[in-house]
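Student:
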Amino acid sequence: MEYPAMTSTSTAPSLGAWLTLDSVFAAELMVRTGFDWAVIDLQHGALGTDSVVPLLSAVQGAGVEAWVRTQATNYAQANWALDMGADVVVVPQIGSAAQAREAVGFCRYAPEGHRSWGPVRAALRPASAPRQRVYLMIEDTNGLAEAEAICATPGLDGILIGTADLTLSLAGSASDVLGGAVFDAVRTIVEACTRHGLDVAAYGGSQEMTTACAENGIRTVALAADYELLHEGAQAALALARGTFAAEGVRL
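Okay, so the sequence shown: first residue is 0 according to numbering that gives the first Met the number 0, each after it adds one.
(1) Sort G204, T243 and A99 by Cα distance to L228 and report the nearest one.
(2) Within its chain, find whatever has a CB closer than 8 Å to the CB of L55; leave out the 5 residues flanking it on each side and keep chain order.
(3) In this structure, does DSSP put A126 in helix, strand or coil?
(4) Identify whether M208 lies in helix, strand or coil by the three-state DSSP scheme.
(5) Which residues does DSSP pair with S13 in a beta bridge?
(6) What three-state label does DSSP hand A75 in the structure shown?
(7) By Cβ distance, which residues of its chain are closer than 7 Å to A184, with the 5 residues on each side in sequence left out?
(8) Could you say which of A224, G62 and E247 lies nearest to A128 if we only look at CA atoms?
(9) Let's test the definition: count the other Cβ atoms within 10 Å of the Cβ of A200 and tell me whether it reaches 16, buried, or not, exposed.
(10) Could you tell me which residues DSSP pairs with L291 in its beta bridges?
(11) Just to confirm, does A191 get its C-beta within under 7 Å of one of the non-hydrogen atoms of the ligand MN?
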């Protein structure tokens, strides 16, 4: 597969999918539509570690970059995900520079870190492939306050902004993702990433949020989750059918 460079200086969009379902077929349907990358979500997804390798195979087999989001603060799981061949590992809920150093340390071999040697499936990666990347999530007021120090962590490749949790932390509700305080926080994180040469990514989830990401210079955006698209597609099909029959005067 191709391994495109991912840096904060890139102007080309890199669009991702979010995988939460324990289904290789669903993952294949998602990634073969043209996404650049896909996140296998162990934190909130309806899947477990037994599903990770089959899902990695499905995603990477389609020529798409495979990311794995670990369960919160489970740094050893980040080590394991890299051993299984994830192209990118994402560690959520990073609220301090100390947490950032510890998380990245589990993902880098000595002398950069203390990752244990055991690249079981990762050994199949071609020699031409770049090294596996590490992203941390900033998603609350603690992480926001420490953004500069977190972004300065040696061995870190990028930040994924947790827009929903960041909004919850700032505004007390996860629904006001387009509020002014959230915009200011996102800009603060983007600026810190830019100063330290990191890629900055975010979860879109809606056209409005994706537009906001683009306006703030974020080019690495996860557009939607599999369960959201399934639910919305089913709702749209049902509404269309009900409307069609209603127009024909058929009682439903």
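Virtual Cβ for every residue (Gly too), placed ideally from N, Cα, C.
Tutor: In brief:
(1) Considering only alpha carbons, the answer is G204.
(2) I39, A65, V67, M83, G84, A85 and R120
(3) Of the three classes helix, strand and coil, the one that applies to A126 here is coil, per DSSP.
(4) Annotated three-state conformation of M208 is helix, per DSSP.
(5) In DSSP, S13 forms a bridge with T219.
(6) helix
(7) Result list for A184: L143, L165 and L169, in chain order.
(8) G62
(9) buried
(10) Lying outside 0 to 251, the shown extent of the chain, residue 291 is not represented and no answer is given.
(11) You won't find the ligand MN in this model; it holds no ligand whatsoever.
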